[in-house]
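S.K.:
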Amino acid sequence: MKIGFDIDDTLIDLRGHAFHLYNKKLNQNVPLNVFHGLNRVEIHEPFGLTDEQGKKLWNDSLEEIYYTECPPFPQAVETLQELEKQGHEIYYITSRPKEHGERTREWLKGRGFPVQNDRFFYGMQDNEKVEIIKGLKLDYYFDDKPEVLNTLLNETLRVYIKDQSYNRHLKLPRIVNWTELQEIVFKSI
Ligand SMILES: [Mg+2]
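Position 40 of the sequence shown, counted from 1, bears residue number 327 in the numbering used here, the numbering being contiguous throughout.
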């Protein structure tokens with residue numbers, strides 16, 4: 288099987304990591320239950336920031352958000368390693384900006400994710416992912432963002448949404464824990 292993954296907030300808890308960094312940077316103590324209740328991808332609102340201020344803080348903090356110790360979701364690394372061992376092809380498709388592509392790839396390897404250089408794609412807009420995904424003829428694709436998933440609904444691949452507080456309105460097959468992935472793939476063989 289050819290299995291594709293978005294990275295941020297699908298395989299790794301980037302927003303949660305950034306939320307923690309924002310608390311430190313802004314000397315605030317906004318509790319995690321606020322984070323888990325957010326109904327949008329952006330995380331700045333509970334810190335009292337406008338969209339403009341939030342965007343600036345995100346972009347100014349990008350280096351720190353991307354390359355410090357952002358935790359993978361539980362069992363994400365182990366599950367992907369296992370799938371690769373079983374002979375499945377693992378693809379990564381991230382809209383992280385071009386200048387962060389290669390470092391992100393190496394960062395992922397450093398966390399233990401199985402990455403082959405020619406199966407790693409980056410630097411596209413969210414709405415351009417569909418072209419890459421179509422070209423790769425993936426069997427499965429996993430993402431957290433409604434904007435991306437909505438572009439894939441007419442494709443023949445099996446699309447799953449990684450459960451997050453801002454995507455619960457979408458009626459799509461949903462994965463909550465990465466431990467469920469083995470069974471999903473196993474059932475379809
Ligand atoms: Mg994402």
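The beta-carbon is built from N, C-alpha and C at its ideal position, and this holds for glycine as well.
Compare the C-beta of L459 with all C-beta atoms of chain C and state if any pair is closer than 8 Å.
M.R.: You won't find chain C in this structure, because it holds only one protein chain.
S.K.: In its own chain, which residues sit with a C-beta less than 6 Å from the C-beta of D430, not counting the 5 before and 5 after it?
M.R.: Cβ neighbours of D430 beyond the five flanking positions: D293, T297, L436.
S.K.: Check whether the region 411-425 and the region 386-394 are in contact - that is, three or more C-beta pairs closer than 8 Å.
M.R.: These segments do not touch.
S.K.: Which residue spans inside the region 366-401 form an unbroken beta strand (DSSP E) run of at least 3?
M.R.: You should have 376-381.
S.K.: Going along the chain, which residues put their C-beta within less than 7 Å of some heavy atom in ligand 1?
M.R.: Listed along the chain, these residues meet the criterion: D293, I294, D295, D296, T297, D430, D431, K432.
S.K.: Alpha helix (DSSP H) containing F322: first to last residue?
M.R.: Its alpha helix (DSSP H) spans residues 319-323.
S.K.: With the cut-off set at 8 Å, would you say W465 and F360 are in Cβ contact?
M.R.: Yes, they are a contact pair.
S.K.: Drop a sphere of 10 angstroms on the beta-carbon of R455, count the other beta-carbons inside from all chains shown, and report buried for 16 or more, exposed for fewer.
M.R.: Result: exposed.
S.K.: Let me know if K385 comes out buried or exposed under the rule of 16 or more other beta-carbons within 10 Å of its beta-carbon.
M.R.: Classification of K385: exposed, given that the 10 Å Cβ count is below 16.
S.K.: L459 to E339, Cα distance in whole Å?
M.R.: Approximately 32 Å, taken between the alpha carbons.
S.K.: Evaluate L319 with the Cβ neighbour count: other Cβ atoms within 10 Å of its Cβ, from every protein chain shown; 16 or more gives buried, anything less gives exposed.
M.R.: Exposed is the call here.
S.K.: Whose C-beta lies closer than 7 Å to the C-beta of L439 among residues of the same chain, with five residues either side of it excluded?
M.R.: So the list reads V417, I420, Y428, V446, once near-sequence residues are dropped.
S.K.: What span of residues does the beta strand (DSSP E) with Y354 cover, start to end?
M.R.: Here Y354 belongs to no beta strand (DSSP E); instead the alpha helix (DSSP H) covers 349-354.
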